[in-house]
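The next block holds one structure in the form of structure tokens; read it before the comments.
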Amino acid sequence: MATREDEYATFVRARSHALLRSAYLLTGDQHLAEDLVQEALARTHRSWSRLHETGNAEAYARRVMYHLQVSVWRRRKVAEFLPGELPEPAHRGGPDDPDAIAWRITLERALGSLSKRQRAVVVLRYFEDHTEAEAADILGVSVSTVKTQAARAIEHLRKLVPHLREPDDERRPTA
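Residue 1 is where the sequence shown starts when you use this note's numbering, and the numbers rise one by one after that.
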């Protein structure tokens with residue numbers, strides 16, 4: 001029979017990659033994402049006996065990640081400025097296609113230009129596929145804040161990456 005430590009190790013092996021993807025989208029930096037996942041898994045380990053019994057280990061680890069990242073965002077920092085224009089991607093091909101690489105870089109830069117809260121909302125709503133209520137609960141904000149931040153983020157992303165516009169956006173008059 002597997003011990004709790006073996007079960008925890010199995011959980012870590014099975015879910016670390018998915019947690020790391022989400023953490024990278026939240027932080028925008030591979031090393032910070034790894035640190036975030038490591039801390040979330042450490043806290044999950046401390047609560048493993050309770051979490052394992054209820055089957056909520058991954059949800060708990062993700063919630064810890066989001067809360068830790070929000071805490072980082074709340075700390076005072078020197079404002080960052082990313083100079084330069086974003087390149088226009090020609091099309092999206094395979095993962096090694098130069099155009100696909102340029103597209104990913106464009107999207108990564110655009111996501112990096114969002115405010116920290118907007119990025120968290122985009123990750124939760126559109127990458128993790130959480131509802132507005134779930135995202136609000138995870139971030140500890142109101143549903144209306146999630147809606148506002150999501151709308152502002154999408155508007156900002158569409159300005160930076162015109163290819164993200166919906167097909168009928170072309171017909172809408174600009175104000």
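For every residue, glycine included, the Cβ atom is placed at its ideal position computed from N, Cα and C. Since the structure is predicted, the reported quantities are computational estimates derived from the model, not experimental observations.
Opening and closing residue of the alpha helix (DSSP H) in which residue i lies
i: proline 98; result: 98 to 112
i: histidine 67; result: 57 to 74
i: serine 144; result: 143 to 160
i: histidine 45; result: 30 to 46
i: tyrosine 24; result: 4 to 27
i: leucine 139; result: 132 to 139
i: arginine 119; result: 116 to 122
Closest residue to residue i among the options (Cα-Cα distance)
i: tyrosine 24; options: Thr145, Arg109, Ala135 and His156; result: Arg109
i: arginine 194; options: Gln30, Gln38 and His31; result: This structure leaves residue 194 out entirely; the chain is present only between 1 and 175.
i: lysine 147; options: Pro98, His156 and Arg125; result: Arg125
i: tryptophan 103; options: Arg4, Arg15 and His163; result: His163
i: alanine 151; options: Ala57, Leu114 and Pro98; result: Leu114
i: valine 122; options: Glu134, Ile154 and Asp29; result: Ile154
i: threonine 106; options: Gly28, Leu32, Leu160 and Asp29; result: Leu160
i: histidine 67; options: Phe127, Leu36 and Asp6; result: Leu36
i: leucine 139; options: Ser71, Gly55, Leu32 and Thr54; result: Ser71
i: glutamine 69; options: Glu128, Arg4 and Gly28; result: Gly28
Chain-order list of residues whose beta-carbon lies under 6 Å from that of residue i (same chain, five-residue window excluded)
i: alanine 40; result: Ala61, Val64 and Met65
i: arginine 15; result: Glu58
7 Å Cβ shell around residue i - same chain, five flanking residues per side excluded
i: arginine 119; result: Leu26 and Leu111
i: leucine 51; result: Thr44, Ala57 and Tyr60
i: glutamine 149; result: Arg117, Gln118 and Val121
i: tyrosine 8; result: His45 and Trp48
i: valine 141; result: none
Residues near residue i in its chain [Cβ-Cβ closer than 8 Å; skip 5 each side]
i: threonine 10; result: Ala2
i: glutamate 34; result: Leu20 and Ala23
i: glutamate 132; result: Arg125, Val143, Val146, Lys147 and Ala150
i: alanine 136; result: Ser142, Val143, Thr145 and Val146
i: glutamate 170; result: Bear in mind that the predicted position of glutamate 170 carries a pLDDT of just 47, short of 50, making it unreliable; the figure below should be weighed with that in mind. Answer for glutamate 170: no residue qualifies.
i: histidine 130; result: Leu124 and Ile138
Closer than 7 Å: residue i CB and nearest the ligand SAM heavy atom
i: histidine 163; result: As presented, the structure is devoid of all ligands, the ligand SAM included, so that no description of it is given.
Practice task
Could you tell me whether the segment 60 to 71 touches the segment 17 to 36, where touching means 3 or more Cβ pairs closer than 8 Å?
Solution key: Taking a cut-off of 8 Å for Cβ pairs, the segment 60 to 71 and the segment 17 to 36 touch, as three or more such pairs fall below it.
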